Structure formats: structure tokens, C-alpha cells
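Student:
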Amino acid sequence: MTGRIIGTGASCPELVWDNNKLAEMVETSDEWIRERTGIARRHIEKDRAASAMAIEAAKKAMDSCKELDAEDIGAIIVCSIAQEEVLPSVSCQIQAAIGAKNAFCFDLKAACSGFVFAYNTCIAYMNMGLIKNALIVGVEKLSSITDWTDRSSCILFGDGAGAAVITACEEDSAMMMKCDGSRGDVLTCPAGSTLIMDGQEVFKFAVRSVPEAINEVLDQKKLAKEDVDYYILHQANRRIVESVAKRLGEPIEKFPMNLEEYGNTSSASIPILLDELYRCGKLPKGSRLIMAGFGAGLSWGASYVTV
Ligand code: ACO
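For the sequence shown, counting from 1, position 20 maps to 532 in this note's numbering; every step adds exactly one.
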């Protein structure tokens, strides 16, 4: 049993900070940021809580889904590292907002691997026969935990939410998840503080671990690279995506990117990208995708999903 995407949604703040705005805040330039990261703008949420963004993305995903009603959803999983409320969980708030009264709900924290970990969790429940349909939401207000005086990290992050409705389909799943807690110091955020990152270490870790994860999923699925329509990678840095494409020997056109517009939105980046592709018709029925996430923990993972 694997997952099929049958609806998507996103909610991105209206306020946009371009690179020139950041150049007024720290010593940097549009040219440096574009060249090193591929990022031109990021969306910043000043007013709404993260849960409001998550609810909007979830509602849009349900609206776009013609196959199901909210009562058919068996699980709602929200992934986030930057949302304000301790209780109730954002997933329970979504349940109430959309009327998914038959769903069990919880939030998980796996940084930029969050969406892939949440998806894999849903697939495991599907294979146990516990659920048939799930709603997965990634939401981040990274602007609230960004050090806006640190030019080496603040240029990267943005806010947003993305959601996907997944239904079980009769096809073998393929997935992997790994963590290395002994390297947790590479990317930290102490309580009440801001993100502290060793950018070069994250970079090296990503370009090594992501191709390995993707190859493991291809092997499990016995899928040839030619049969993959798109690789949907966490949107951290254009150079990371390009390096992964090169290491896999795959054309860069199979690695859609939107980080120019949103920057790195952590666990929201994959579902925001899925929503863009889904809505503009780039994911016709039968499309075969491999998603891959990587980030703090350290954590990384990949999975096969169809449309
Ligand atoms: N503007 C101008 N100069 C800068 C800036 C900036 N914004 N930031 C750093 N520099 C300078 C440095 O001070 C350094 O100067 P020096 O040579 O005089 O010492 C020089 O630029 C090069 O710095 P590096 O750190 O070597 O730059 P690098 O090419 O590695 O790019 C970057 C830095 C963009 C952070 C890169 O390492 C990266 O993207 N890493 C991955 C980070 C990432 O994806 N993190 C998110 C993980 S996901 C999660 O879980 C939240």
C-alpha cells in the first residue's frame, strides 16, 4: 500500500521581504544571496498564528479534493518546529475547523524532514489497516525563531504552510527515515532562542545523505530513474538541489524548485511545492514522485508517492 495525492493546499503570508530588504538589516546583498542560495524573496507572517496558516492550507487541500469529504479523513498529522501554541495541537485545531470528526490527530517535530516523516507515518498506518485517508500539513513561522542580525542564517528562512490529502492505493510503498542525534549540534534552537546553524556542515550532510536516501527508495521500489517524473526535495538551497541532481545523474528539470519565492520554509516547503505543481497541472494522474527531506536532528528521509 502506498499513498496517492488527491488534494493539496497552501497558505503563504502576503508580506514579502526581498533580498534588498534584508540588505537593509544585515551586511549582505541581493547578488550574494541569489548566487549562494537561489533565494530572492521570502514571505513573512506578522499577524496570524501558525495554526491559522495551517487551517487555511488544510481547508484549501480539502476543497481541491473531489474524492473525499472531511469525515473520510482517518488521520491529521501536522509537522512543525515553529508554531506558537503548546495546546491544543495544531492538528486538533484543523480537525475542528474542517469537521474531520473521525480523524485522530497529532503534531510531530522532525524539522525539515517533517513532511516526509509524517507521510511515512501515514503509510505505515495505511499498511496496518488503521486508516485509508490522511491529511498532512507542514507549517512554519520560522521568522519567529530567526536571528535577524545573523547574515549567515537569516537570509535563508521564510514562513508558510502546505497541506496534502493522501489516500491509500494498491501499490507497494517504498520509504526510508534516518537520524543521527550525535550530530544535533549542527543545527540547534535552544528554548526561547533563535536558530543557530553551521551552514557548511548542513550543506555537506545534505548533498551526501539525500542521494543515498533516494537511491534506497528507488532500490526498494525497483523503480528505474527514468520512471520517476519528479524529485520533490526540501527547498533549502538551490546549490543543494543541483548537487543532488548531479550525484544522481538526473536532469535538473526533474527537480522543481520554488525557493526563489519562499526561501526555506522547513517542513512546509515540500507541500507548498506540491501544491504549486498540482494546481498548475504538472502532476497528472499516475505521476510518480520521490520526496526527500533533510535537516535538524540530524534527520533525513525519502519516500515514493503517486498522484
Ligand atoms: N552575505 C554576504 N556574505 C555572507 C553572508 C551573507 N548573507 N553570509 C555569510 N557571508 C560570508 C561569510 O562571512 C564568509 O566570509 P569570509 O570568507 O570573509 O569568512 C563568506 O561569505 C563565505 O561564507 P560561507 O559560510 O562559506 O558561505 P557558503 O557558501 O557556505 O554559504 C550558506 C552559506 C548559504 C548558509 C550555505 O552554507 C547553506 O545554504 N548551507 C545549508 C544551510 C541549510 O540548508 N540550512 C537549513 C537546514 S534545514 C532546517 O532544519 C531548518
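Virtual Cβ for every residue (Gly too), placed ideally from N, Cα, C. None of these values were measured; they are calculated from a predicted model.
Buried or exposed: Lys794, going by 16 or more other Cβ atoms within 10 Å of its Cβ?
Tutor: With fewer than 16 Cβ atoms within 10 Å of its Cβ, Lys794 is classed as exposed.
Student: Do Gly674 and Ala562 have their C-beta atoms within less than 8 Å of each other?
Tutor: No, the Cβ-Cβ distance between Gly674 and Ala562 is not below 8 Å.
Student: Apart from the five residues just before and just after Asp542, which ones in its own chain have a Cβ nearer than 6 Å to its Cβ?
Tutor: Cβ within range, chain order: Asn531 and Asn532.
Student: For a test of the three-state rule: what should DSSP assign to Cys701, helix, strand or coil?
Tutor: Coil at Cys701, not helix or strand.
Student: Taking the alpha carbon of Asp671 as the reference point, which residue from Ser664, Ile678, Ile657 and Val677 has its own alpha carbon closest?
Tutor: Residue Ile657 is the option with its Cα nearest to Asp671.
Student: Are three or more beta carbon pairs between the segment 778–788 and the segment 591–604 nearer than 8 Å?
Tutor: In short, these stretches touch, since the Cβ pair count reaches three.
Student: Three or more C-beta pairs under 8 Å: does that hold for the segment 567–586 against the segment 636–645?
Tutor: Yes: the two stretches touch, three or more of their Cβ pairs being nearer than 8 Å.
Student: Exposed or buried, what is Asn639 when buried is set at 16 or more other beta-carbons lying within 10 Å of its beta-carbon?
Tutor: Exposed, because fewer than 16 other Cβ atoms sit within 10 Å of the Cβ of Asn639.
Student: What separation, rounded to the nearest whole angstrom, lies between the Cα atoms of Glu526 and Gly775?
Tutor: Taking the straight line from one Cα to the other gives about 14 Å.
Student: Between Ser811, Leu760 and Cys792, which lies nearest to Ile802 when the distance is taken from Cα to Cα?
Tutor: Considering only alpha carbons, the answer is Leu760.
Student: Decide if the segment 535–550 is in contact with the segment 702–709; the criterion is three or more beta carbon pairs, one per stretch, under 8 Å apart.
Tutor: Verdict: no, contact absent.
Student: In three-state DSSP terms, what is Thr818?
Tutor: Thr818 falls in the strand class under three-state DSSP.
Student: Out of Ile726, Ile610 and Cys617, state which residue places its alpha-carbon closest to the alpha-carbon of Ser603.
Tutor: Out of Ile726, Ile610 and Cys617, Cys617 has the C-alpha closest to the C-alpha of Ser603.
Student: Leaving out five residues before and five after Leu730 in sequence, what residues of the same chain have Cβ atoms less than 7 Å from its Cβ?
Tutor: Answer for Leu730: Lys737, listed in chain order.
Student: Which runs of the alpha helix (DSSP H), 4 residues or longer, sit entirely within the segment 642–697?
Tutor: Listed in chain order, they are 663–666.
Student: Whose CA, out of Lys621, Arg554 and Lys797, lies closest to the CA of Pro810?
Tutor: It should be pointed out that residue 810 corresponds to Leu in this sequence rather than to Pro. Of Lys621, Arg554 and Lys797, the residue nearest in Cα terms is Lys621.
Student: According to DSSP, is Ser799 helix, strand or coil?
Tutor: Coil, per DSSP.
Student: Out of Cys624, Val677 and Asp559, point me to the one whose CA is closest to Gly615's CA.
Tutor: For clarity, residue 615 is Ala in the given sequence; the question names Gly instead. Ala615 has its Cα closest to that of Val677, out of Cys624, Val677 and Asp559.
Student: Could you compute how far the alpha carbon of Leu786 sits from the alpha carbon of Ile744?
Tutor: Straight-line Cα distance between these residues: approximately 8 Å.
Student: By Cβ distance, which residues of its chain are closer than 8 Å to Pro796, with the 5 residues on each side in sequence left out?
Tutor: Closer than 8 Å at Cβ, skipping near neighbours: Val819.
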